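Numbering (my numbering), first residue to last: 4 to 647.
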């Protein structure tokens, strides 16, 4: 019999013993981190261990009636490259290995030495790929998530959608297995019972999952998952993570330390009694081809957390592998509220199979009556909310056979109202009343103002009085759909630049190669009368000697004083601002992506810049090139035509 170490001693021994060998399982390191972050986890694990020991006392030597327990399993494949996005077949090969290993049906079980054959443990577990999601929708038990993360490590970020990973499905009903690029030579890791529900499950490196595809020798037979699921079901490493340590199991021999490779049998321990080590046990560190058994004592520990009051006993009643009832009407899951402001918010939830629509309800925390609305999709935008107020939300599913119960109530609180925005520049509604912006020596001026009514227009002016001939105008901090236009003094009807973004996206105009000593005017206005009397926009103007480019754009941007198209994309009509310089004539052409000219016209003007309107409604949707040529110059811009 071995000495039974407390969990605290085991963790302390792990921290104090730093083995010189490469560690291919990160489970104990993860446990150490989790306990440092949350010391109360030790109390949870102690409570679980007391329950396990009581179960073992009642079931000596694995006695008692046993039935096969089915564990619904979901694989979350998180990939950055196509290689990391392992196939369904590779996932299914891993499920097959788990089912064989945990029922002692693996083809290599016969290699077990005679000394250990009497303690082979048939854990009587079956793993199935989930057939329904937590919301009751059909699934193949595999989720796939593209990410920009190249290597995840063992910090559990792969289990968090906020970091580019995937949140676990309810761990009371599913075994969550994440497949990703862990990196650092780690094959996999698991979370012991008693850890946080938000990170519960197993993580496998994509190179050591299943038996097909990317599975890489000598860890290519799916035993990394067998090892890690053993941890998930409360098994320790067979050497107890210490020299001659304890794994809390009575029928496994004491090991000196971890064994790697394929040790020759018999491999004797130098610990007390010099027993033959069970190097073929799944909880050692040997190659996949050289591990092929659990012991009966390990079986009892695993069954202890799955049966009765065990910490994972809820899996026995999970609907995860039940067929989806065509008449089932489940309550939505995943209700949350985002984009919360002083007066608005957006609530969303997961779709439910068989749903016709959903009834969404909300109220203030102090109210007793809910405000309800039927929603065909899975989100709703709330407006007219009261600032700094707590709200309750809930949602139910409406199906042809009836309605579900309401989801759990989810609360949110609106933000405080923003301070009123003073507008020191009014009245500047016309070009004649435009307010002057003084550009400092740094080259940039920034002001805050607002569009206070549906009829409000703001005009500003500035002078390019030095040799810095390039202008950038930025309009940011928008809560409404505003546009900005840039004009040269002398022609306030024809813009030399106009913003092209929609909604509340930042607006920008670049105007290169201007003439010094020239006055310019800026006009800011709300599209279709949009305004916000409370919140200011920010207008900044930069004058630079360097040629300017559009922010965060990788392509060369042609100076906007050469050729302007708006709107772009367009569906019916475009406005083109063409520069003639000293020329009187020019040719304006539109070419498709093959270079074929689909429209051309000759232009004659007596001004240096002129605006014309063009009908593009007859063109098919797609990318085009607009080219304007004079005797001395040629200008080109891309044009996108969208569906009508």
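A virtual CB, placed ideally from N, CA and C, is assigned to each residue, including glycine.
On a predicted model such as this, the values are computed, not experimentally measured, just so you know.
Item to check | residue 39 burial status per 10 Å Cβ neighbour count (16 or more: buried) | outcome: As a working note, residue 39 is residue 36 in the chain shown. Classification for residue 39: exposed.
Next on the checklist: Between 599, 646, 638, which has its C-alpha nearest residue 619's C-alpha?
Outcome noted: To locate residue 619, count along the chain shown from 1; it is residue 616. Checking every option, the nearest Cα to that of residue 619 belongs to 646.
Checklist entry - Run through DSSP, which three-state label would residue 641 get? => result Numbered from its first residue, the chain shown carries residue 641 at position 638. In the structure shown, residue 641 sits in a strand (DSSP, three-state: E or B).
Checklist entry - Under 9 Å, do residue 323 and residue 135 count as touching if we go by C-beta distance? => result In the chain shown, the residue the question calls residue 323 occupies position 320. In the chain shown, the residue the question calls residue 135 occupies position 132. Yes, Cβ-Cβ distance for residue 323 and residue 135 is below 9 Å.
Next on the checklist: What residue range does the alpha helix (DSSP H) around residue 227 cover?
Outcome noted: Start at 1 with the first residue of the chain shown, and residue 227 comes out as number 224. Looking at the DSSP string, the run of the alpha helix (DSSP H) that includes residue 227 is 226-235.
Checklist entry - residue 173 bridges to which residues according to DSSP? => result Counting from 1 along the chain shown, the entry for residue 173 is found at position 170. According to DSSP, which records beta bridges pairwise, residue 173 is partnered with nothing at all.
Checklist entry - Is the segment 346-363 close to the segment 323-332, with three or more CB pairs under 8 Å? => result yes
Checklist entry - What does a CB cutoff of less than 8 Å around residue 138 pick up in its chain, not counting 5 residues either side in sequence? => result In the chain shown, the residue the question calls residue 138 occupies position 135. Cβ within range, chain order: 333, 335, 336, 337, 353, 354, 355, 356.
Checklist entry - Starting from residue 319 and walking both ways along the beta strand (DSSP E), at which residues does that stretch end? => result For the purposes of this step, residue 319 is identified with residue 316 of the chain shown, where counting begins at 1. Here residue 319 belongs to no beta strand (DSSP E), and DSSP marks it neither H nor E.
Checklist entry - What do you reckon, are the CB atoms on residue 500 and residue 514 nearer than 9 Å? => result Taking the first residue of the chain shown as position 1, residue 500 is located at position 497. Taking the first residue of the chain shown as position 1, residue 514 is located at position 511. Yes, the pair counts as a contact, with Cβ atoms nearer than the cut-off.
Item to check | alpha helix (DSSP H) segment containing residue 215, residue limits | outcome: As a first step, residue 215 is located in the chain shown; it is residue number 212 there, counting from the start. Per DSSP, residue 215 belongs to no alpha helix (DSSP H) and is neither H nor E.
Checklist entry - First and last residue of the alpha helix (DSSP H) that includes residue 146? => result Position 143 of the chain shown, counted from the start, is the residue given in the question as residue 146. Element bounds for residue 146: not the alpha helix (DSSP H) but the beta strand (DSSP E), 145-149.
Checklist entry - How close, in whole Å, do the beta carbons of residue 588 and residue 606 come, if the pair is a contact with beta carbons under 8 Å? => result Along the chain shown, one-based indexing puts residue 588 at 585. Along the chain shown, one-based indexing puts residue 606 at 603. Their Cβ separation, rounded to whole angstroms, is 7 Å, which keeps residue 588 and residue 606 in contact under 8 Å.
Checklist entry - Do you know offhand how far residue 505's Cα is from residue 150's? => result Counting from 1 along the chain shown, the entry for residue 505 is found at position 502. Counting from 1 along the chain shown, the entry for residue 150 is found at position 147. The straight-line gap from Cα to Cα measures roughly 28 Å.
Checklist entry - In terms of DSSP beta bridges, what is residue 349 paired with? => result Residue numbering aside, residue 349 sits at position 346 when the chain shown is read from its first letter. Residue 349 is bridged to 341, 384.
Next on the checklist: Could you tell me the alpha carbon to alpha carbon distance between residue 164 and residue 170, rounded to whole angstroms?
Outcome noted: The sequence position of residue 164 within the chain shown is 161, counting from 1. The sequence position of residue 170 within the chain shown is 167, counting from 1. Rounded to whole angstroms, residue 164 to residue 170 spans 6 Å at the Cα level.
Next on the checklist: Taking the straight line between their C-alpha atoms, what separation do you get for residue 412 and residue 72?
Outcome noted: Locating residue 412 in the chain shown gives position 409, counting from the first residue. Locating residue 72 in the chain shown gives position 69, counting from the first residue. Cα-Cα distance, rounded: 33 Å.
Checklist entry - Can you give the Cα-Cα distance for residue 340 and residue 459, rounded to whole angstroms? => result The residue given as residue 340 occupies position 337 in the chain shown. The residue given as residue 459 occupies position 456 in the chain shown. Using only the alpha carbons, I get a separation of about 34 Å.
Next on the checklist: Would residue 175 and residue 193 qualify as a contact pair, given that the criterion is a beta-carbon distance under 9 Å?
Outcome noted: Within the chain shown, numbered from 1, the residue matching residue 175 stands at position 172. Within the chain shown, numbered from 1, the residue matching residue 193 stands at position 190. Not a contact, by the Cβ cut-off of 9 Å.
Next on the checklist: Taking DSSP's pairing of strands, which residues face residue 131 in a bridge?
Outcome noted: For the purposes of this step, residue 131 is taken as the residue at position 128 of the chain shown. The partner list for residue 131 (beta bridge, DSSP) reads 75.
Item to check | residue 350 versus residue 385: straight-line alpha-carbon distance, rounded | outcome: In the chain shown, counting from the first residue as 1, residue 350 sits at position 347. In the chain shown, counting from the first residue as 1, residue 385 sits at position 382. If you take the alpha carbons of residue 350 and residue 385, they lie about 8 Å apart.
Checklist entry - In or out: residue 162 buried (at least 16 other Cβ within 10 Å) or exposed? => result Within the chain shown, residue 162 is the residue found at index 159, counting from 1. Flag for residue 162 reads buried.
Next on the checklist: If you reduce the DSSP assignment to three classes, tell me which class residue 280 lands in.
Outcome noted: Here residue 280 corresponds to residue number 277 of the chain shown, with the count starting at 1. Coil, per DSSP.
Checklist entry - In three-state DSSP terms, what is residue 118? => result In the chain shown, counting from the first residue as 1, residue 118 sits at position 115. Three-state DSSP puts residue 118 in a helix.
Checklist entry - Can you give the Cα-Cα distance for residue 578 and residue 84, rounded to whole angstroms? => result Indexing the chain shown from 1 puts residue 578 at position 575. Indexing the chain shown from 1 puts residue 84 at position 81. Each residue's alpha carbon lies about 43 Å from the other.
Checklist entry - Does the distance from the CB of residue 178 to the CB of residue 74 come in under 9 Å? => result For this step, residue 178 is matched to residue 175 along the chain shown. For this step, residue 74 is matched to residue 71 along the chain shown. Taking 9 Å as the Cβ cut-off, residue 178 and residue 74 qualify as a contacting pair.
Checklist entry - Quick one: what's residue 362 bridged to in DSSP? => result Counting from 1 along the chain shown, the entry for residue 362 is found at position 359. Paired residue(s): 377, 399.
Next on the checklist: Can you tell me where the beta strand (DSSP E) holding residue 511 begins and where it ends?
Outcome noted: Locating residue 511 in the chain shown gives position 508, counting from the first residue. That run of the beta strand (DSSP E) goes 510-514.
Checklist entry - Rounded to a whole number of angstroms, what is the C-alpha to C-alpha distance between residue 596 and residue 623? => result By one-based count along the chain shown, residue 596 stands at place 593. By one-based count along the chain shown, residue 623 stands at place 620. Cα to Cα, residue 596 sits roughly 12 Å from residue 623.
Checklist entry - Looking at C-alpha atoms only, which residue of 388, 57, 81, 381 is the closest neighbour of residue 368? => result Position 365 of the chain shown, counting from 1, holds the residue named residue 368. Nearest of 388, 57, 81, 381 to residue 368, Cα basis: 388.
Checklist entry - Thinking just about the alpha-carbon of each residue, which of 198, 202, 222 is nearest to the one in residue 2? => result This structure cannot settle anything about residue 2, because the visible part of the chain is limited to 4 through 647.
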